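First residue of the sequence shown? That's 1 in our numbering, and the numbers climb one at a time after it. Structure record follows, encoded as structure tokens.
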Amino acid sequence: MDGSALPEGKLPAAVLERLLERFGAAAGVELGPALGEDAAVASLAGEPRLVMAADPITFPSPDPGWHAVIVNANDVAATGGAPRWFLSSVIAPPGTDEAWLARVAGGIARGCEEVGAAPVGGHTEISASVSTPVVAGTMIGTATPERIKPSGDAREGDMIVITKGIAIEATAVVTGAEGDAVEARFGRGFRERAEAFLRDPGISVAAEAEVAAGVLGVRAMHDVTEGGLATALHEMADCAGLGVVVADTEIPRFQESKFLMEHFRLDILGAIGSGALLIACSEPETADLLDRLGEAGCPGHVIGRFTQRSSGAVLVRGSARRPLPRFPADEVTRIV
């Protein structure tokens, strides 16, 4: 541990692990704080479990209240829970007016209605400690024990399935920050489609997580967020003590996302990707999982499998093999 400045974005894994060592076990907690886990799970009297997650919105967002609800609901859903109650902490800089706060509150209300949760409290203040607004949220949900799917429960040989495509959130964030440049290069229609990616294809994974949590062979799920697909895969593998092999050509990429990342020289594998859910499923049950996802309108794609730890994390393209990259910070932070 030293005094070196940390990079922007998620904490480096080694730093986070050292911080988590300071937390002891707590009574009733079945899934506590751990590298790569989306949410915590606690047991109360009776069968239902509480599933709890917390996340802030720090990237620019046209609808930060709604955005905060969705990303927190994603973490609860990706652990197998149904979102129920949402608390928010809104910290805005001096100069913020009531109209902006009203838009945030409206977004929270809409987001909660969409995911089936209720806004139940929080905190709001104006503070010179921030230069841009921060909307942080906590979502609490419930789940029966059999639906809990921790990020780290994958087994060797499990197939890796991803829903929708990668860099969905990054596409909207980059376009929101560089809209004029995007329009000048790709046209007005492209800009409008890319700006709308938060809604279409959308950053919520609640629908696919609900489906996947009910499939017998699904062992683990993980929400793709900061650091993109590569970081999420490393987190799942590290949690489970496994390796991964991923076929680069099988990873679904939206055309808008691909063009934007290439234009701004960002690696699409390391760009924030809310909207994609990673699922570890036993090979015999994978066809059933894909069928159920398709029927629910949430297409899934097999992109690889979990392997023994000694095999490492490998990205394959044709006959070429290379290590799956690690990103010290999300690629989007290089321009936003």
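Using N, Cα and C, we set each Cβ at its ideal position, and we do this for glycine too. What you are looking at is a predicted structure, and each value in this text was computed from that prediction instead of being measured.
- Beta-bridge partners of Ile-279 (DSSP): Val-161, Met-221.
- In this structure, DSSP gives Arg-191 a helical state, which the three-state scheme calls helix.
- Within the same chain, Cβ atoms closer than 7 Å to the Cβ of Pro-60 are found at Val-173, Gly-176, Ala-177, Val-336, the five residues on either side in sequence being excluded.
- DSSP, read as helix, strand or coil, puts Asp-55 in strand.
- With a contact defined as Cβ atoms closer than 8 Å, Thr-249 and Arg-317 qualify at about 6 Å.
- Gly-227 sits close to Asp-330, with the two beta carbons spaced by under 8 Å.
- Beta-bridge partners assigned by DSSP to Arg-305: Met-159, Val-245.
- Residue burial is scored here from C-beta neighbours: Asp-238 has at least 16 other C-beta atoms within 10 angstroms and is therefore classed as buried.
- Exposure of Pro-323 is indicated by the presence of fewer than 16 other C-beta atoms within 10 angstroms of its C-beta.
- Leaving aside the five residues that flank Ala-68 on each side, the residues in its chain whose CB is nearer than 6 Å to its CB run, in chain order, Ile-57, Val-135, Gly-137.
- In the DSSP assignment, Phe-186 falls outside any beta strand (DSSP E) and lies within the alpha helix (DSSP H) extending over 179-186.
- Taken through DSSP and simplified to helix, strand or coil, Thr-124 comes out as strand.
- With three or more CB-CB distances shorter than 8 Å, the segment 275-292 counts as touching the segment 141-160.
- Contact annotation, Gly-46 with Ala-167: C-beta distance approximately 41 Å; criterion of less than 8 Å not satisfied.
- Taking each of Arg-309, Gly-297, Val-29 in turn and checking the Cα distance to Val-244, the smallest one comes out for Arg-309.
- Going by C-alpha positions, Glu-146 is about 23 Å away from Val-224.
- Nearest Cα to Asp-55 within the set Thr-96, Asn-72, Phe-327, Gly-179: Asn-72.
- Distance from the CA of Thr-333 to the CA of Ala-118, rounded to the nearest whole angstrom, comes to 32 Å.
- Distance between Thr-231 and Phe-306, taken at the CA atoms: about 15 Å.
- Rounded to the nearest whole angstrom, the CA to CA distance from Ser-89 to Val-104 is 11 Å.
- Pairing Lys-164 with His-301, the inter-Cα distance amounts to about 8 Å.
- Residues of the same chain with a CB within less than 6 Å of the CB of Ala-143, apart from the 5 flanking positions on each side, are Arg-49, Val-51, Gly-80, Gly-81 in chain order.
- A distance of 8 Å or more separates the beta carbons of Ile-70 and Ser-282.
- Sixteen is the threshold: since fewer than 16 other Cβ atoms of the shown chains lie within 10 Å of the Cβ of Leu-11, the residue is exposed.
- Around the beta carbon of Leu-269, 16 or more other beta carbons lie within 10 angstroms, which makes this residue buried.
- Beta-bridge partners of Val-134 (DSSP): Ile-91.
- In the DSSP annotation of this structure, the continuous segment of the alpha helix (DSSP H) that includes Leu-289 starts and ends at 286-295.
- When the Cα atoms are used, Leu-44 and Arg-188 turn out to be separated by approximately 53 Å.
- Residue state for Pro-325 is assigned as coil, using DSSP reduced to three classes.
- Here Ala-77 has Pro-83, Val-205, Ala-206, Ala-209, Glu-210 as same chain residues with Cβ atoms under 7 Å from its own Cβ, once five neighbours each way along the sequence are excluded.
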